[in-house]
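Some notes on the structure that comes next.
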Amino acid sequence: MAEIAAEAPNSPEALESFRIKYLGSKGTVKALMEALRQVPNEQKREYGQLMNTLKQLAEDKYQALKTELDAQAELSAATQLDLSAPAEPLPIGSRHPVAVTMNRIVDIFSRMGFSVADGPEIEDDWHNFSAMNTPEDHPARDMQDTFYIVDVPKMLLRTHTSPVQARVMENRQPPIRIIAPGRVYRNETISTRSHCQFHQVEGLYIDENVSFADLKQTLLYFAQEMFGAPRIRLRPSFFPFTEPSAEMDIWLGTDTEKNYRLTKGTGWLEILGCGMVDPQVLENCGIDSTRYSGFAFGMGIERQALRLYEIGDIRLLFENDVRFLRQFASAM
Ligand code: PHE
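Here's what the structure looks like:
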C-alpha cells in the first residue's frame, strides 16, 4: 500500500504503466487476489478485506491522476492557441462576367420601368411551346433540340425564356412591362455554341396602342446604353410568337481585327430576336387582342458578355478557371 501511495506518475504514459502494473490483468492486485486461495480459511476474511482496500486505493489513485492529467492537457492545448495571430485570408469571389452582363441589362430596362419576372427552368410543353404558338411539328420541339424529361410526359428544360411571357400574361392583365433573365437549355452540341446551357433575357411590353415604333425606340435606347452603339438595324425574321418579327443587329464596324471577326466582316453583330406579340399568343394567355397589343424580345447574354469584355472565345465563360474569372473581380 505504501508502494502505491508513493507512486506519482506525471505523464499519460507513466499513468498507463501504473494502471498496467497494479490494475492490469497481470497486475499486482489481480495476482494478490488469486493468492487468496492459498490463504488458510480462518484468515481469508481479513485477507479479502485488505485486498479490497488495496484495489480501491489503486483505482482511486488512478482516477484522480487521470483527471488531473486530462485537465493539464486541455490547458496546454488552450495556451498553444494564439488568439492574436492574423486569420487565414478568405478568398473573396467575384461575379461571373455573364452575371455582370445580365445585371447591366436588367439595370438598363429597370430605368425604363420594366420589372423582373421569373419562371421555372423545368417547364411544361404548354408554356414553352403551345402557348407561344409553336406548332407540334415545329423543329424546335425536335428531340435533337429540346431536352425532354424522361418519364414525365410534356415536361422539358425550357429552350428559351419566352415561356415567362405566357406565365406573366396568364396571371395578370395589361399594362405589363417585364424582363425575365435566366438559364435556357438546348441540345446543340454540334452547333457553334457547342454547349447545352446558356442565358437569355426576355422582354415583354403589353398595353393599349403599343406599336413597332415603341419596340424600336426601346431597343435603340438599350443598345446605346449597353454598348454605346451608334446604330441598330432590324432585319425581318420569323418567330411563331411574334408578327411581324425581326432580328436586331448593332453596328460595330470593321475597323479592328476583333470587330471584323466578331461581325464576320459585315460590321453588324446580331444580338436579339423581337417582334409584335402575335394576337394568338395574347388570346392563348387570356388577354383581349382587340384591345391590347405589345412587343417582345429575347436576347442571348453570352454574346453580349464577349462583346462587353472583349473576350475572344465563348468557351472561356464556362471553364470556371479562376485565373480567368478573377479579372472581372472589380466589375459589378
Ligand atoms: N425566344 C426567341 C429565341 O430564343 C427570341 C425571341 C423572344 C424572339 C421574344 C421574339 C420575341 O430565339
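Quick note, the sequence shown lines up with residues 12 to 343 if you use our numbering. Beta carbons are placed, not taken as given, at the ideal position from N, Cα and C, and that holds for glycine.
- Secondary structure note for Pro-23: its alpha helix (DSSP H) is the uninterrupted segment 23-34.
- Beta-carbon to beta-carbon, Leu-280 and Leu-273 are separated by about 6 Å, close enough to satisfy the 8 Å threshold.
- According to the DSSP assignment, Leu-283 belongs to no alpha helix (DSSP H) but to the beta strand (DSSP E) extending over 279-288.
- Within the region 132-182, complete alpha helix (DSSP H) segments of at least 4 residues are found at 174-182, given in chain order.
- For the set Val-221, Phe-335 and Glu-258, the Cα lying nearest the Cα of Ser-304 is the one of Val-221.
- Separation of Ala-307 and Thr-267 (C-alpha to C-alpha, rounded to the nearest whole angstrom) is 33 Å.
- One Cα belongs to Glu-14, the other to Lys-72, and the distance between them is close to 12 Å.
- For Val-175, the closest of Glu-147, His-206, Cys-207 and Ala-142 by C-alpha to C-alpha distance is Ala-142.
- Excluding residues up to 5 positions away in sequence, Lys-41 lie with their Cβ nearer than 8 Å to the Cβ of Gly-35 in the same chain.
- Only buried fits Ser-256, as 16 or more other CB atoms lie within 10 angstroms of its CB.
- In the DSSP assignment, Glu-53 falls within the unbroken alpha helix (DSSP H) covering 52-91.
- In the displayed model, Pro-241 falls within coil according to three-state DSSP, outside both helix and strand.
- For His-138, the shortest separation between its Cβ and any heavy atom of the ligand PHE does not lie below 7 Å.
- With a cutoff of 7 Å, Ser-256 counts as near the ligand PHE, since its C-beta is closer than that to a heavy atom of the ligand.
- Annotation for Phe-120 indicates a beta carbon at 7 Å or more from all heavy atoms of the ligand PHE.
- Taking all protein chains shown into account, Ser-173 has 16 or more neighbouring C-beta atoms within 10 Å of its C-beta and is therefore buried.
- For the 8 Å CB-CB criterion, Arg-152 and Phe-339 do not form a contact.
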